[in-house]
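Numbering (my numbering), first residue to last: 5 to 328. Where a beta carbon is used, it is the ideal one built from N, C-alpha and C, also for glycine.
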(Lines of atoms letter the chains of each structure in order from A and count residues from 1; the text may use other names and numbers.)
(Lines give C-alpha, C1' and ligand atoms only; values in the text may rest on other atoms or scores of the structure.)
Protein backbone atom coordinates (compact mmCIF):
# COMPACT_ATOMS: atom_id res chain seq x y z
CA UNK A 1 0.00 0.00 0.00
CA UNK A 2 1.41 3.39 -1.00
CA UNK A 3 -0.30 6.41 0.55
CA UNK A 4 1.14 9.96 0.64
CA UNK A 5 0.94 12.61 3.35
CA UNK A 6 -0.36 15.09 0.77
CA UNK A 7 -2.13 14.85 -2.58
CA UNK A 8 0.48 13.59 -5.04
CA UNK A 9 -1.25 11.31 -7.53
CA UNK A 10 1.43 11.80 -10.20
CA UNK A 11 4.20 10.85 -7.78
CA UNK A 12 2.32 7.75 -6.64
CA UNK A 13 1.75 6.57 -10.21
CA UNK A 14 5.40 7.17 -11.09
CA UNK A 15 6.55 5.20 -8.04
CA UNK A 16 4.19 2.33 -8.88
CA UNK A 17 5.39 2.27 -12.49
CA UNK A 18 9.02 2.09 -11.35
CA UNK A 19 8.30 -0.70 -8.87
CA UNK A 20 6.44 -2.75 -11.45
CA UNK A 21 8.60 -2.19 -14.54
CA UNK A 22 12.11 -1.62 -13.23
CA UNK A 23 12.18 -2.55 -9.54
CA UNK A 24 11.01 -6.13 -9.99
CA UNK A 25 8.33 -5.69 -7.32
CA UNK A 26 5.57 -8.21 -8.02
CA UNK A 27 3.80 -8.34 -4.64
CA UNK A 28 0.24 -6.98 -4.29
CA UNK A 29 0.19 -3.19 -4.54
CA UNK A 30 -2.54 -0.66 -3.75
CA UNK A 31 -2.38 3.08 -4.44
CA UNK A 32 -4.21 5.61 -2.27
CA UNK A 33 -4.54 9.11 -3.72
CA UNK A 34 -5.47 10.46 -0.24
CA UNK A 35 -7.47 13.35 -1.65
CA UNK A 36 -9.65 13.01 1.46
CA UNK A 37 -6.77 14.04 3.76
CA UNK A 38 -5.11 17.29 4.78
CA UNK A 39 -6.39 20.79 5.30
CA UNK A 40 -7.28 20.98 1.60
CA UNK A 41 -9.19 17.70 1.60
CA UNK A 42 -11.82 17.30 -1.09
CA UNK A 43 -15.46 16.51 -0.31
CA UNK A 44 -17.16 13.26 -1.29
CA UNK A 45 -18.88 15.03 -4.19
CA UNK A 46 -15.55 15.77 -5.92
CA UNK A 47 -15.34 13.96 -9.28
CA UNK A 48 -12.87 11.13 -9.81
CA UNK A 49 -9.79 11.81 -11.93
CA UNK A 50 -10.12 9.62 -15.06
CA UNK A 51 -6.34 9.50 -15.52
CA UNK A 52 -5.88 8.17 -11.97
CA UNK A 53 -8.31 5.34 -12.64
CA UNK A 54 -6.92 4.59 -16.10
CA UNK A 55 -3.26 4.49 -15.05
CA UNK A 56 -3.92 2.05 -12.19
CA UNK A 57 -5.57 -0.28 -14.69
CA UNK A 58 -2.71 0.11 -17.18
CA UNK A 59 -0.24 -0.86 -14.45
CA UNK A 60 -2.26 -3.98 -13.70
CA UNK A 61 -3.23 -2.73 -10.22
CA UNK A 62 -6.53 -2.82 -8.35
CA UNK A 63 -8.43 0.34 -9.27
CA UNK A 64 -9.04 2.41 -6.12
CA UNK A 65 -11.10 5.55 -6.53
CA UNK A 66 -9.58 8.90 -5.55
CA UNK A 67 -12.54 9.70 -3.33
CA UNK A 68 -13.09 12.80 -1.24
CA UNK A 69 -14.03 12.83 2.45
CA UNK A 70 -17.46 11.63 3.58
CA UNK A 71 -18.44 13.94 6.43
CA UNK A 72 -20.81 13.16 9.29
CA UNK A 73 -24.28 12.86 7.72
CA UNK A 74 -23.14 13.32 4.12
CA UNK A 75 -25.38 10.61 2.72
CA UNK A 76 -25.51 12.17 -0.78
CA UNK A 77 -21.68 12.10 -0.89
CA UNK A 78 -21.60 8.46 0.17
CA UNK A 79 -24.17 7.49 -2.47
CA UNK A 80 -22.33 9.53 -5.11
CA UNK A 81 -19.04 7.70 -4.53
CA UNK A 82 -20.72 4.28 -4.62
CA UNK A 83 -22.75 5.04 -7.77
CA UNK A 84 -19.78 6.46 -9.64
CA UNK A 85 -17.64 3.49 -8.63
CA UNK A 86 -20.27 1.11 -10.01
CA UNK A 87 -19.59 2.67 -13.44
CA UNK A 88 -15.82 1.99 -13.14
CA UNK A 89 -14.86 -1.48 -14.41
CA UNK A 90 -13.40 -3.42 -11.45
CA UNK A 91 -13.47 -0.25 -9.35
CA UNK A 92 -13.03 -0.27 -5.57
CA UNK A 93 -14.85 2.54 -3.76
CA UNK A 94 -12.58 4.24 -1.24
CA UNK A 95 -14.82 5.43 1.60
CA UNK A 96 -13.03 7.92 3.89
CA UNK A 97 -15.50 8.11 6.76
CA UNK A 98 -16.23 10.26 9.75
CA UNK A 99 -16.36 7.73 12.65
CA UNK A 100 -20.08 8.41 13.18
CA UNK A 101 -20.73 6.24 10.11
CA UNK A 102 -19.67 3.21 12.17
CA UNK A 103 -20.57 4.36 15.69
CA UNK A 104 -24.09 5.74 15.21
CA UNK A 105 -26.87 3.20 14.55
CA UNK A 106 -28.71 5.33 11.99
CA UNK A 107 -25.51 6.17 10.12
CA UNK A 108 -24.45 2.52 10.14
CA UNK A 109 -27.83 1.36 8.84
CA UNK A 110 -27.58 3.85 5.97
CA UNK A 111 -23.97 2.88 5.24
CA UNK A 112 -24.56 -0.87 5.14
CA UNK A 113 -27.75 -0.45 3.12
CA UNK A 114 -26.06 1.67 0.46
CA UNK A 115 -23.02 -0.62 0.32
CA UNK A 116 -25.27 -3.65 -0.22
CA UNK A 117 -27.30 -1.85 -2.87
CA UNK A 118 -24.23 -0.69 -4.79
CA UNK A 119 -22.62 -4.14 -4.68
CA UNK A 120 -19.11 -2.81 -5.34
CA UNK A 121 -15.96 -3.56 -3.30
CA UNK A 122 -15.22 -0.88 -0.71
CA UNK A 123 -12.02 0.28 1.02
CA UNK A 124 -12.65 1.98 4.37
CA UNK A 125 -10.55 4.80 5.81
CA UNK A 126 -11.57 5.98 9.29
CA UNK A 127 -11.06 9.43 10.77
CA UNK A 128 -9.89 9.88 14.36
CA UNK A 129 -7.34 11.83 16.36
CA UNK A 130 -5.49 8.59 17.07
CA UNK A 131 -6.65 4.98 16.66
CA UNK A 132 -10.29 4.93 15.45
CA UNK A 133 -10.73 1.40 16.77
CA UNK A 134 -10.17 2.72 20.28
CA UNK A 135 -13.57 4.43 19.93
CA UNK A 136 -16.63 2.60 21.20
CA UNK A 137 -18.66 1.26 18.30
CA UNK A 138 -16.06 1.36 15.53
CA UNK A 139 -15.14 -2.33 15.77
CA UNK A 140 -18.74 -3.55 15.91
CA UNK A 141 -19.61 -1.20 13.05
CA UNK A 142 -16.75 -2.55 10.97
CA UNK A 143 -17.97 -6.10 11.58
CA UNK A 144 -21.40 -5.14 10.23
CA UNK A 145 -19.84 -3.68 7.09
CA UNK A 146 -17.81 -6.87 6.68
CA UNK A 147 -21.11 -8.74 6.66
CA UNK A 148 -22.54 -6.76 3.75
CA UNK A 149 -21.66 -9.40 1.17
CA UNK A 150 -19.15 -7.29 -0.78
CA UNK A 151 -15.34 -7.40 -0.66
CA UNK A 152 -14.09 -5.02 2.05
CA UNK A 153 -10.59 -3.56 2.43
CA UNK A 154 -9.31 -1.53 5.38
CA UNK A 155 -6.74 1.20 4.76
CA UNK A 156 -4.64 3.47 7.05
CA UNK A 157 -4.73 1.15 10.02
CA UNK A 158 -2.52 -0.41 12.70
CA UNK A 159 -2.83 -3.90 14.24
CA UNK A 160 -6.62 -3.79 13.88
CA UNK A 161 -5.82 -4.70 10.27
CA UNK A 162 -5.23 -8.24 11.54
CA UNK A 163 -8.59 -8.26 13.30
CA UNK A 164 -10.29 -7.16 10.11
CA UNK A 165 -8.61 -9.96 8.14
CA UNK A 166 -9.69 -12.50 10.77
CA UNK A 167 -13.28 -11.35 10.32
CA UNK A 168 -13.36 -11.51 6.53
CA UNK A 169 -11.66 -8.41 5.09
CA UNK A 170 -9.95 -9.25 1.80
CA UNK A 171 -7.04 -6.88 2.44
CA UNK A 172 -5.80 -4.43 5.06
CA UNK A 173 -2.98 -1.90 5.12
CA UNK A 174 -0.90 -0.84 8.15
CA UNK A 175 0.68 2.62 8.02
CA UNK A 176 4.46 2.79 8.14
CA UNK A 177 4.27 5.80 10.50
CA UNK A 178 1.68 7.00 12.99
CA UNK A 179 0.25 9.67 10.67
CA UNK A 180 -0.64 6.96 8.13
CA UNK A 181 -2.41 4.66 10.63
CA UNK A 182 -5.60 6.72 10.66
CA UNK A 183 -7.12 9.78 9.00
CA UNK A 184 -6.46 12.80 11.21
CA UNK A 185 -9.29 15.37 11.49
CA UNK A 186 -8.75 18.52 9.48
CA UNK A 187 -8.26 20.65 12.60
CA UNK A 188 -5.53 18.27 13.80
CA UNK A 189 -3.48 18.62 10.64
CA UNK A 190 -5.39 16.18 8.48
CA UNK A 191 -2.63 13.60 8.15
CA UNK A 192 0.35 15.83 7.44
CA UNK A 193 3.69 14.69 8.88
CA UNK A 194 4.43 16.20 12.30
CA UNK A 195 7.10 18.90 12.38
CA UNK A 196 10.56 17.50 13.04
CA UNK A 197 11.58 13.88 13.63
CA UNK A 198 9.67 11.80 16.17
CA UNK A 199 11.17 8.98 18.23
CA UNK A 200 10.53 5.76 16.30
CA UNK A 201 8.03 3.17 17.47
CA UNK A 202 7.80 -0.49 16.65
CA UNK A 203 5.50 -3.40 17.43
CA UNK A 204 5.92 -5.23 20.72
CA UNK A 205 4.37 -8.59 19.83
CA UNK A 206 3.29 -9.71 23.32
CA UNK A 207 1.09 -6.61 23.70
CA UNK A 208 0.20 -6.30 19.98
CA UNK A 209 0.79 -2.58 20.06
CA UNK A 210 3.18 0.04 18.74
CA UNK A 211 5.53 1.26 21.46
CA UNK A 212 8.45 3.65 21.40
CA UNK A 213 11.76 1.88 21.49
CA UNK A 214 12.76 3.84 24.58
CA UNK A 215 9.61 2.63 26.38
CA UNK A 216 10.40 -0.97 25.46
CA UNK A 217 13.92 -0.57 26.82
CA UNK A 218 12.66 0.87 30.14
CA UNK A 219 10.07 -1.90 30.52
CA UNK A 220 12.68 -4.60 29.98
CA UNK A 221 14.83 -3.21 32.77
CA UNK A 222 11.87 -3.55 35.13
CA UNK A 223 10.79 -6.99 33.89
CA UNK A 224 13.92 -8.85 32.71
CA UNK A 225 12.16 -12.08 31.68
CA UNK A 226 14.06 -13.26 28.60
CA UNK A 227 11.03 -15.14 27.27
CA UNK A 228 9.12 -11.89 27.02
CA UNK A 229 11.73 -9.79 25.22
CA UNK A 230 13.64 -12.15 22.91
CA UNK A 231 12.57 -11.81 19.28
CA UNK A 232 13.37 -14.33 16.56
CA UNK A 233 12.29 -12.20 13.59
CA UNK A 234 14.85 -11.83 10.74
CA UNK A 235 15.75 -8.35 11.99
CA UNK A 236 16.31 -9.13 15.67
CA UNK A 237 17.73 -12.65 15.13
CA UNK A 238 17.04 -13.80 18.68
CA UNK A 239 18.18 -10.62 20.41
CA UNK A 240 16.12 -8.89 23.07
CA UNK A 241 13.96 -6.31 21.33
CA UNK A 242 15.53 -3.39 23.15
CA UNK A 243 18.75 -3.87 21.14
CA UNK A 244 17.51 -1.01 18.94
CA UNK A 245 17.82 1.34 21.91
CA UNK A 246 21.59 0.98 21.67
CA UNK A 247 21.56 2.59 18.21
CA UNK A 248 21.75 6.33 17.65
CA UNK A 249 18.17 7.57 17.39
CA UNK A 250 18.55 8.51 13.71
CA UNK A 251 19.50 4.89 12.95
CA UNK A 252 16.52 3.27 14.67
CA UNK A 253 13.79 4.02 12.14
CA UNK A 254 14.70 1.41 9.50
CA UNK A 255 15.12 -1.58 11.85
CA UNK A 256 12.00 -0.49 13.75
CA UNK A 257 10.01 -0.57 10.50
CA UNK A 258 11.52 -3.85 9.35
CA UNK A 259 10.84 -5.51 12.71
CA UNK A 260 7.24 -4.25 12.71
CA UNK A 261 6.66 -5.60 9.21
CA UNK A 262 8.14 -8.99 10.16
CA UNK A 263 5.92 -9.22 13.25
CA UNK A 264 2.80 -8.28 11.27
CA UNK A 265 3.45 -10.96 8.66
CA UNK A 266 4.20 -13.52 11.36
CA UNK A 267 0.99 -12.73 13.24
CA UNK A 268 -0.99 -12.88 10.01
CA UNK A 269 0.41 -16.31 9.22
CA UNK A 270 -0.18 -17.58 12.75
CA UNK A 271 -3.78 -16.37 12.70
CA UNK A 272 -4.75 -17.18 9.12
CA UNK A 273 -2.13 -19.54 7.68
CA UNK A 274 -3.04 -22.96 6.36
CA UNK A 275 -6.57 -22.01 5.27
CA UNK A 276 -7.77 -21.48 8.85
CA UNK A 277 -11.59 -21.02 8.83
CA UNK A 278 -12.61 -17.46 9.62
CA UNK A 279 -14.61 -18.33 12.76
CA UNK A 280 -11.52 -19.98 14.22
CA UNK A 281 -9.33 -17.03 13.16
CA UNK A 282 -11.77 -14.62 14.80
CA UNK A 283 -11.66 -16.59 18.06
CA UNK A 284 -7.87 -16.70 17.94
CA UNK A 285 -7.74 -12.93 17.39
CA UNK A 286 -9.99 -12.33 20.42
CA UNK A 287 -7.79 -14.61 22.50
CA UNK A 288 -4.67 -12.74 21.43
CA UNK A 289 -6.28 -9.41 22.32
CA UNK A 290 -7.08 -10.76 25.80
CA UNK A 291 -3.55 -12.05 26.27
CA UNK A 292 -2.05 -8.78 25.03
CA UNK A 293 -4.18 -6.80 27.51
CA UNK A 294 -2.93 -9.07 30.30
CA UNK A 295 0.68 -8.41 29.26
CA UNK A 296 0.07 -4.65 29.30
CA UNK A 297 -1.22 -4.86 32.87
CA UNK A 298 1.79 -6.98 33.82
CA UNK A 299 4.14 -4.32 32.43
CA UNK A 300 2.05 -1.48 33.91
CA UNK A 301 1.65 0.09 30.51
CA UNK A 302 -1.21 2.34 29.54
CA UNK A 303 -3.91 0.03 28.12
CA UNK A 304 -4.42 -0.08 24.35
CA UNK A 305 -8.16 0.61 24.01
CA UNK A 306 -8.55 -1.23 20.72
CA UNK A 307 -7.75 -4.53 22.48
CA UNK A 308 -10.81 -4.13 24.68
CA UNK A 309 -13.02 -3.04 21.77
CA UNK A 310 -12.10 -6.13 19.74
CA UNK A 311 -12.60 -8.44 22.73
CA UNK A 312 -16.03 -7.03 23.44
CA UNK A 313 -17.19 -7.06 19.82
CA UNK A 314 -15.67 -10.41 18.82
CA UNK A 315 -16.51 -13.97 19.83
CA UNK A 316 -16.04 -14.91 23.45
CA UNK A 317 -13.04 -17.12 24.05
CA UNK A 318 -10.48 -17.96 26.70
CA UNK A 319 -7.04 -16.28 26.46
CA UNK A 320 -4.28 -18.18 24.67
CA UNK A 321 -0.53 -17.66 25.12
CA UNK A 322 1.27 -15.78 22.34
CA UNK A 323 3.57 -17.85 20.19
CA UNK A 324 7.20 -16.85 19.84
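- According to the DSSP assignment, residue 161 belongs to the beta strand (DSSP E) that extends over 156-161.
- In this structure, the straight-line span from the alpha carbon of residue 31 to that of residue 22 is close to 13 Å.
- In the DSSP annotation of this structure, the continuous segment of the alpha helix (DSSP H) that includes residue 261 starts and ends at 257-276.
- In this structure, residue 128 keeps its C-beta atom at 7 Å or more from the C-beta atom of residue 86.
- Residue 237 and residue 267 do touch by the CB rule: their CB atoms are close to 6 Å apart, below 8 Å.
- With a cut-off of 8 Å on Cβ pairs, the stretch 302-316 is in contact with the stretch 223-242, counting three or more such pairs.
- For residue 98, the enclosing beta strand (DSSP E) stretches over residues 95-101.
- The C-beta of residue 120 has fewer than 16 other C-beta atoms within 10 Å across all chains shown, which makes the residue exposed.
- Burial check for residue 153: the Cβ neighbour count within 10 Å stays below 16, so the residue is exposed.
- Around residue 52, the same chain offers 69, 70 and 88 as residues with beta carbons nearer than 7 Å, after the five sequence neighbours per side are excluded.
- Counting only residues of its own chain and dropping the five nearest sequence neighbours on each side, residue 189 has a CB closer than 7 Å to the CB of 131 and 133.
- Contact between the stretch 279-288 and the stretch 248-258 is absent, with fewer than three C-beta pairs closer than 8 Å.
- Per DSSP, the continuous alpha helix (DSSP H) segment holding residue 89 begins and ends at 79-90.
- For residue 111 against residue 122, the beta-carbon gap comes to about 16 Å, at or over 8 Å, which does not count as contact.
- Here DSSP, grouped into helix, strand and coil, assigns residue 288 to helix.
- Across the structure, residue 274 and residue 170 are spaced so that their CA atoms are roughly 11 Å apart.
- In the structure shown, the three-state DSSP call for residue 47 is strand.
- DSSP, read as helix, strand or coil, puts residue 243 in coil.
- A direct Cα-to-Cα measurement between residue 220 and residue 6 gives close to 28 Å.
- Minimum Cα-Cα distance from residue 156 among the listed residues 76, 168, 277 and 108 corresponds to 168.
- Taking 7 Å as the cut-off, the beta carbon of residue 37 is found no closer than this to the beta carbon of residue 62.
- In summary, residue 113 is exposed, with fewer than 16 beta-carbon neighbours lying within 10 Å of its beta-carbon over all protein chains present.
- Taken in chain order, the complete alpha helix (DSSP H) segments of 4 or more residues contained in the stretch 24-75 are 54-62.
- Taking the C-beta atoms as reference points, residue 139 is found no nearer than 7 Å to residue 160.
- The DSSP assignment places complete alpha helix (DSSP H) segments of no fewer than 4 residues inside the stretch 116-150 at 142-150, in order along the chain.
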